[in-house]
Amino acid sequence: CNKARCASVVSYCLIQDKCGCDATINCSCCADCARCLDQHYRHCCDCVGMRRGRNYTTIVPPIMTSTVAIFDKPEPRLFVALTESSVPALRCSIVRFPVSQELAAHGSRELYHRRHHGKPPEVAQDIEHTATKDPICVVMYFDECMSLNDCRMNCESTGSTSYRWFHNGCCECVGPDCLNHGHMEAKCSNCLH
């Protein structure tokens, strides 16, 4: 913990009661704490007992290890243009997967059937999904770690529909065909800690 660098932001977050829980037990405040620390998270999380040397994925449900938000005015055509092929200047990786896989990971099989077949799975009677019929979710992972605010601004500039910021600093921009904020797994190449 870099006390000189982190003292003021950590004090503020503790006074605001955002980082007061025990991260080794249930980490019930980890999402609020990460939001409060914002761009200082990577450098100051040790000061509040989070991250280094601990695996929070075993303590915290996946939904608590990330922050998601939807943009009011996405630009789907811009996002599609940027993700059709690799754009080295963006320093990111593009991942494509079937929407049904995204929803299965979130336990939303019924939502998928209702959206694509107009009826719940029991009524749909196990309709077979082929890759050509299943919409493809496209997400973009920036290579480097960044703050929550930088993630929001970067994803908004790509025309994303929504974004997911993982509390390790990984940023995922989510395309227009994704239904549930993309993957729940951080896949930023230089931000895997």
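Heads up, the sequence shown is in full-length UniProt numbering, so the first residue is 1 and it goes up one at a time. Glycine included, every Cβ here is placed at the ideal spot set by N, Cα and C. All values reported here derive from a predicted model rather than from experimental measurement.
Count the other C-beta atoms from every protein chain shown that fall within 10 angstroms of the C-beta of Met153, then say buried if there are 16 or more, exposed otherwise.
What you label residue 153 is simply residue 153 of the sequence shown in a count that begins at 1. By the 10 Å Cβ count, Met153 comes out exposed.
Given that a residue counts as buried once 16 or more other Cβ atoms are within 10 Å of its Cβ, and exposed if not, what is Ser189?
As a first step, residue 189 is located in the sequence shown; it is residue number 189 there, counting from the start. It is exposed - the Cβ of Ser189 has fewer than 16 other Cβ atoms within 10 Å.
Run through DSSP, which three-state label would Phe142 get?
Here residue 142 corresponds to residue number 142 of the sequence shown, with the count starting at 1. The answer is strand: DSSP assigns Phe142 an E or B state.
Cys178 and Cys155 look like a contact to me (Cβ under 8 Å); what is the Cβ gap, rounded to whole Å?
Position 178 of the sequence shown, counted from the first residue, corresponds to residue 178. Position 155 of the sequence shown, counted from the first residue, corresponds to residue 155. Not quite, the Cβ-Cβ distance comes to about 12 Å (not below 8 Å), so this is no contact.
How close, in whole Å, do the beta carbons of Thr67 and Arg35 come, if the pair is a contact with beta carbons under 8 Å?
Counting from 1 along the sequence shown, the entry for residue 67 is found at position 67. Counting from 1 along the sequence shown, the entry for residue 35 is found at position 35. Contact holds; Cβ gap of about 6 Å.
Under 8 Å, do Val139 and Gly169 count as touching if we go by C-beta distance?
Looking up residue 139 in the sequence shown gives position 139. Looking up residue 169 in the sequence shown gives position 169. The answer is no: Cβ separation not under 8 Å.
Between the C-alpha atoms of Lys3 and His43, what's the straight-line distance to the nearest angstrom?
Against the sequence shown, residue 3 aligns to sequence position 3. Against the sequence shown, residue 43 aligns to sequence position 43. About 10 Å.
Any idea if Lys18 is buried or exposed, counting beta-carbon neighbours within 10 angstroms, 16 or more meaning buried?
To locate residue 18, count along the sequence shown from 1; it is residue 18. Buried.
Taking all protein chains shown into account, do 16 or more other C-beta atoms lie within 10 angstroms of the C-beta of Leu78, making it buried, or fewer, making it exposed?
Along the sequence shown, read from residue 1 onward, the residue named residue 78 stands at position 78. Flag for Leu78 reads exposed.
Quick one: is Pro74 buried, meaning 16 or more other Cβ sit within 10 Å of its Cβ, or exposed?
Here residue 74 corresponds to residue number 74 of the sequence shown, with the count starting at 1. Buried.
Between the Cα of Cys191 and the Cα atoms of Ser162, Ser160, Ser93 and Thr83, which residue gives the shortest distance?
Within the sequence shown, residue 191 is the residue found at index 191, counting from 1. Closest option to Cys191, Cα to Cα, is Ser93.
Determine the extent of the beta strand (DSSP E) in which Phe97 is found, giving its start and end residues.
Position 97 of the sequence shown holds residue 97. First-last of the beta strand (DSSP E) with Phe97: Cys92 to Pro98.
What does the alpha-carbon distance come out to for the pair Arg164 and Val9?
Your numbering for residue 164 matches position 164 in the sequence shown. Your numbering for residue 9 matches position 9 in the sequence shown. Between Arg164 and Val9, the C-alpha separation is close to 23 Å.
Going by beta carbon distance, what residues of the same chain come within less than 8 Å of residue 221, once the five residues before and after it are set aside?
This structure does not reach residue 221, given that the chain is present from 1 up to 193, and the question cannot be answered.
Using three-state DSSP, classify Phe71 as helix, strand or coil.
To locate residue 71, count along the sequence shown from 1; it is residue 71. Phe71 falls in the coil class under three-state DSSP.
Between the alpha carbons of Asp72 and Cys151, how many angstroms are there, rounded?
One-based indexing of the sequence shown puts residue 72 at position 72. One-based indexing of the sequence shown puts residue 151 at position 151. Distance between the alpha carbons of Asp72 and Cys151: 16 Å.
What are the residues that DSSP puts in a beta bridge with Ser66?
Here residue 66 is taken as the residue at index 66 of the sequence shown, counted from 1. Per DSSP, Phe166.
So the beta strand (DSSP E) Val80 belongs to, where does it begin and stop?
Reading the sequence shown from its first residue, position 80 is the one you call residue 80. Taken as a continuous stretch (DSSP letters only), Val80 belongs to no beta strand (DSSP E), being part of the alpha helix (DSSP H) at Pro76 to Thr83.
Could you check the C-alpha separation between Cys6 and Asn180 for me, to the nearest Å?
By 1-based counting over the sequence shown, the position of residue 6 is 6. By 1-based counting over the sequence shown, the position of residue 180 is 180. Near 34 Å, if we compare the C-alpha coordinates of Asn180 and Cys6.
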